[in-house]
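Working notes for the structure below.
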Amino acid sequence: MSNYYNMPKLPTEASPKVEIFVDDKAVMVPGDTNLLEALKAVGIETPHVCYHPYLPVSGNCRQCLVEQEGPRGRMLVISCYTPVTPGMKIYTPASSARVKNARKATQEFMLVNHPLDCPICDKAGECTLQENYMECGQNESRLRPEYGKNYHGNPAHQFVDAKGQVRGGKHVDLGPRVLLDEERCVQCDRCVRFMRSIAGSEQLQLAGRADHTYITTFPGEKLDHEYDLCVTDVCPVGAMTAKYFRFQKRVWLLSHTPTVSMDDSLGANIWLDHADGRIYRVMPRCNPEVNRSWLSNTSRLAFQEFDKNRLPSMELHKVTFGNGKIAIVAGGTCTMEDLAAMKMLKESLGDRAELFGGSLLKVTAPDGIAKSGDPCANRAGMKLMGFADVSELLKRASEFETLFTVNANLFGEDANAAKVLEKINTRVALTPFDDETAKKASIAIGVRHWSEVQGTMVNSLNIVQKLSACPVCPDEGLKAPYAVVAFLAGEKLESAADAFKKVTEYVPAFAGLSYDTIKSTGKLLEGGNA
Amino acid sequence: MRVIKQRPMNWIERLYIFEAIRGLWTTLKHAARGLFRYETLPTISYPEGQPEIRNTYRAKHRLMLRPDGTPRCVACGMCAAACPAHCIFIEATQSDDPRIEKRVMRFDIDHLTCVFCGLCVEACPVDALRMDTKVISFEHRTREEFVSHLFDLTNWDPKDYPNDPQSQVAPGGTKNAEALKVWGMEVK
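These protein sequence lines are chains S and Y, in that order. Residues are numbered in the working numbering as their position in the first sequence, beginning at 1, plus a constant of 723. Residues are numbered in the working numbering as their position in the second sequence, beginning at 1, plus a constant of 10.
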């Protein structure tokens, strides 16, 4: 986490409780945080635009005003930048008409030049201004129709529309992935603060002064960063829009599935937003311990390949594995349930089978935001299950006669290193995609992708996280990898819960856990970091 | 609750024969009227005679047009959200006109599912959707043909709506040239 000097301090379970007086009533709130978070902890929501729990406080929107009793009487202060002190007296709109009016006036100013094109705005339905308007605005319009809304942004993007109104900046191309609508921007500077203190690359700037402020990049430069799509998440209005999702779907038509991104061992928590049987977008799911509110572009845009190049379902029959040694290889996207099924398969085959896991992709350094740099997502889980690393297999490839890969695209990941595996005659591949390994395999069996299965994974911080099945599987006949592997082992795993029971048998650290006892933000395993 | 007591039949009515003749007379009267004084009948002989429909009648939909002929629809999906029968399907895309953000790419109304409630017309924020075409009969050979597409919905003639100034703004209308001048204003 950045050590920016005014990064908000968020309350934790260990926060000391202090007594403050809200509307003359004594309440116990976390004492080491700001007033906005403290009020939130006791169930009082304060409308805000520029404040974001994982961005440095800027305090420019003035929407979160509360009244505080001070030496000079009751004064309006912004709750996002006021630290909680014991015994402070706070007045919210529930008791103070002044706070109510002040918030309403702020809201009115915010909307003075904000276009009311909610019907065509992609943010409509999840827009902070809409929420704030319902909560503290609801004022009658004092706007004179002969003046209309005025555009004060970048003069280079100004135009006059058919009604003779000054408008501008409807689609400013900020970079390869993000578009800016300058008319809708409320200058909260969240995106600027994100790029500055989280992404660490100051590519966005506020230009101009006062009413004429607008967001821009440096001349001749573009917004291009691994985390640049996060600015579309932090944007409270529809100013920053992602090109891939622009106009694709109205947000209220999307259903959300909470799951975990399996392309990195940090396991960024995500929402899969789906409708009509396909995923439309991937949004970060806030997890303070793992990825906070951030998600890398790689994880976010990976969903575009999920339903392409898939293997069809097929009927399975009893198989025999010959007499030679068998290498069972788990890929990085295998869940704990899949690993347990593979262990069952090994037990049914006896000593001639060996378990390997991992990926041939390079491990890079963690970036400190939402990626650990390790493309093998469930590496910690494989360690707990006792899987050897796949590099071991490459060294001893000549011993084996059968290669059984699950979700492991070894040939696609590193064709040169995987060349030794071509000497293994029988190659069985369980994979969702018709990838290199499936093409080289003697038998390729289609399975469900990780976005379509329920399961668990252990991330690089040793936190068990839950995956949920998103109902977007292109072929309903496809089965989850654990079900197929268990069938080949001659046993039956009806559901993910059954498979998870096997996991708790194999891994002592999982003892006593169930899907219900693992929270949505995961459960830290005993024994600290793996 | 109100109880209505039926008057008991008198003895002539109970004889049946006179009442039967009276009923036949009614039938005969209307049959004769259909033969000799056809125009006074309260019904119309439908396929040949068409009913008079007002423009407030909720008939088949149409999409209003801008002066340059593009549909006024901004693909916001409000009509689809308001539709109780879920018969409107909209896909949006980026507009080529720099002044306009969003344009409709696909706009389908399934008239087999439509209940003609008019909620979509009320929901439209830009007055793009109307139900004043006065088209009330839908006859097609396949189910697919009952789905009106964008071309079908925008393919109307301003001459059919002489009293509606908004329709006259569309290409071919009397006010089109005037509106086009304003619409095609130089973009600064």
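Glycine included, each C-beta is placed from N, C-alpha and C at the ideal position.
Residue i (DSSP reduced to helix, strand or coil)
i: S:I1147; result: coil
i: S:Q1177; result: coil
i: S:I813; result: strand
i: S:G694; result: Absent from the model: residue 694 of chain S. The displayed extent of chain S is 724 to 1253, so no value can be given.
i: S:A749; result: strand
i: S:A1206; result: helix
i: Y:G33; result: helix
i: S:Q1027; result: helix
i: Y:Q16; result: coil
i: S:D1239; result: coil
i: Y:I22; result: helix
i: S:S920; result: helix
i: S:I1166; result: strand
i: S:F1127; result: strand
i: S:A930; result: strand
i: S:L1190; result: strand
i: S:K1048; result: strand
i: Y:T50; result: helix
i: S:M1108; result: helix
Buried versus exposed call for residue i [16 or more other C-beta atoms within 10 Å across all chains shown]
i: S:G1047; result: exposed
i: S:F1026; result: buried
i: S:H948; result: buried
i: S:W1264; result: The structure shown does not extend to residue 1264 of chain S, since chain S is modelled only from 724 to 1253, so the question has no answer here.
i: S:R1150; result: buried
i: S:Y774; result: buried
i: S:F1223; result: buried
i: Y:Y26; result: exposed
i: Y:A102; result: buried
i: S:N1185; result: buried
i: S:T1154; result: buried
i: S:D1239; result: exposed
i: S:E760; result: buried
i: Y:R12; result: exposed
i: S:T1128; result: buried
i: Y:V192; result: exposed
i: S:N1252; result: Its pLDDT being 47, under 50, S:N1252 is placed unreliably by the model, and the measurement read from it follows with that caveat. Result: exposed.
i: Y:Q16; result: exposed
i: S:V1195; result: buried
CB contact below 9 Å: residue i versus chain S
i: Y:E188; result: no
i: Y:K185; result: no
i: Y:C86; result: yes
i: Y:I110; result: yes
i: Y:P199; result: The requested residue 199 of chain Y does not occur in the structure, where chain Y is confined to residues 11 to 198.
i: Y:A180; result: no
i: Y:A102; result: yes
i: Y:A95; result: no
i: Y:V197; result: Because Y:V197 sits at a pLDDT of 48, beneath the cut-off of 50, its placement in the model cannot be relied upon, and the following sentence gives the value as read from the coordinates. Chain S contact via Cβ: present.
i: Y:L91; result: Before going on, a small fix: residue 91 of chain Y reads as Ala here, not Leu. Yes, because at least one Cβ of chain S sits closer than 9 Å to the Cβ of Y:A91.
i: Y:P57; result: no
i: Y:P81; result: no
i: Y:V145; result: no
i: Y:V1; result: This structure leaves residue 1 of chain Y out entirely; chain Y is present only between 11 and 198.
Neighbour flag for residue i against chain Y, beta carbons, 9 Å
i: S:H837; result: no
i: S:Q853; result: no
i: S:I1002; result: no
i: S:K1069; result: no
i: S:H894; result: yes
i: S:I843; result: yes
i: S:Q1027; result: no
- Item | Completely contained alpha helix (DSSP H) runs for the segment 1050–1089 of chain S, where each covers 4 or more residues | Listed in chain order, they are 1059–1072.
- Task: Just list the alpha helix (DSSP H) runs in the segment 937–997 of chain S, keeping only unbroken ones of 4 residues or longer that don't cross its boundaries, in chain order.
- Result: Segments of the alpha helix (DSSP H) lying fully in the segment 937–997 of chain S: 953–957.
- Identify every run of the alpha helix (DSSP H) within the segment 827–888 of chain S, keeping only runs that are complete inside it and at least 4 residues long; order them along the chain. Here the runs fully enclosed are 851–859.
- Task: Jot down the residue ranges of each uninterrupted alpha helix (DSSP H) in the segment 61–130 of chain Y, minimum 4 residues, whole runs only, in chain order.
- Result: With a minimum length of 4 residues, the continuous alpha helix (DSSP H) runs that stay inside the segment 61–130 of chain Y are 88–92.
- Item | Touching by the beta-carbon criterion (3+ pairs, under 8 Å), the segment 1091–1104 of chain S and the segment 1179–1194 of chain S | At 8 Å Cβ cutoff, the stretches touch.
- Item | the segment 787–800 of chain S touching the segment 813–830 of chain S, judged by at least three CB pairs closer than 8 Å | Short answer: they touch.
- Taking one C-beta from the segment 1105–1115 of chain S and one from the segment 1075–1088 of chain S each time, how about it: are there three or more such pairs within less than 8 Å? Output reads yes: the segment 1075–1088 of chain S touches the segment 1105–1115 of chain S.
- Check whether the segment 41–61 of chain Y touches the segment 106–116 of chain Y, counting contact only when three or more Cβ pairs, one atom from each stretch, lie closer than 8 Å. Counting C-beta pairs with one atom in each stretch, the segment 41–61 of chain Y and the segment 106–116 of chain Y have fewer than three that are closer than 8 Å, which means they do not touch.
- Report yes or no: do the segment 943–957 of chain S and the segment 1008–1024 of chain S share at least 3 C-beta pairs separated by less than 8 Å? A contact exists between the segment 943–957 of chain S and the segment 1008–1024 of chain S.
- Would you say the segment 997–1004 of chain S touches the segment 883–890 of chain S, given that touching needs at least three Cβ pairs under 8 Å? Flag = no, the segment 997–1004 of chain S and the segment 883–890 of chain S do not touch.
- Message: Check whether the segment 1199–1218 of chain S and the segment 1029–1047 of chain S are in contact - that is, three or more C-beta pairs closer than 8 Å.
- Response: A contact exists between the segment 1199–1218 of chain S and the segment 1029–1047 of chain S.
- Message: With a threshold of 8 Å, are at least 3 pairs of Cβ atoms found where one atom belongs to the segment 61–81 of chain Y and the other to the segment 118–136 of chain Y?
- Response: By the Cβ test, the segment 61–81 of chain Y is in contact with the segment 118–136 of chain Y, since at least three Cβ pairs between them sit closer than 8 Å.
- Query: Hey, is the segment 965–980 of chain S in contact with the segment 855–867 of chain S, meaning 3+ C-beta pairs nearer than 8 Å?
  - Reply: With the cut-off at 8 Å, the segment 965–980 of chain S and the segment 855–867 of chain S do not touch.
- Message: Measuring CB atoms only, is the segment 175–184 of chain Y touching the segment 74–90 of chain Y, in the sense that at least three cross pairs come out at less than 8 Å?
- Response: Yes: at least three Cβ pairs fall under 8 Å.
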